[in-house]
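Position 1 (the sequence shown) corresponds to 1006 in our numbering; numbering is contiguous.
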Amino acid sequence: MKCYECSKNDKNTDTVAICIVCGRGVCKQHLVREDTPVWEGEYSIRLKCGMGVECKYEDVQHIKKILCIPCHEALKENY
Ligand SMILES: [Zn+2]
Ligand SMILES: [Zn+2]
């Protein structure tokens, strides 16, 4: 998958993470890794585990902290 933010700028950068909120792939420059507050409602989260594959707790914790920049901005505004 290519970074969504980079693709807007005509760049093809491989993603290193998936935004927990919108499910877009983001590269190292465009991810925001931060302890997120607990969100109301459901994440539109797509994990590799689940659906019969066991989730490792650490994996989920790691993924939970990745946001893309637009979602991070939106999150801050909603504090
Ligand atoms: Zn990028
Ligand atoms: Zn996002």
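All residues carry an ideal CB built from backbone N, CA and C; glycine is no exception. Computed from a prediction, not measured in an experiment: that's the story for all the values here.
For I1071, the uninterrupted beta strand (DSSP E) segment begins and ends at I1071 to C1073. The alpha carbon of V1021 has as its nearest neighbour, out of H1035, C1076, I1074 and N1083, the alpha carbon of H1035. Exclusion of the five residues before and after R1029 leaves Y1009 and C1073 as the residues of its chain whose Cβ lies within less than 6 Å of its Cβ. With respect to C1032, C1011 sits close: the two C-beta atoms are nearer than 8 Å.
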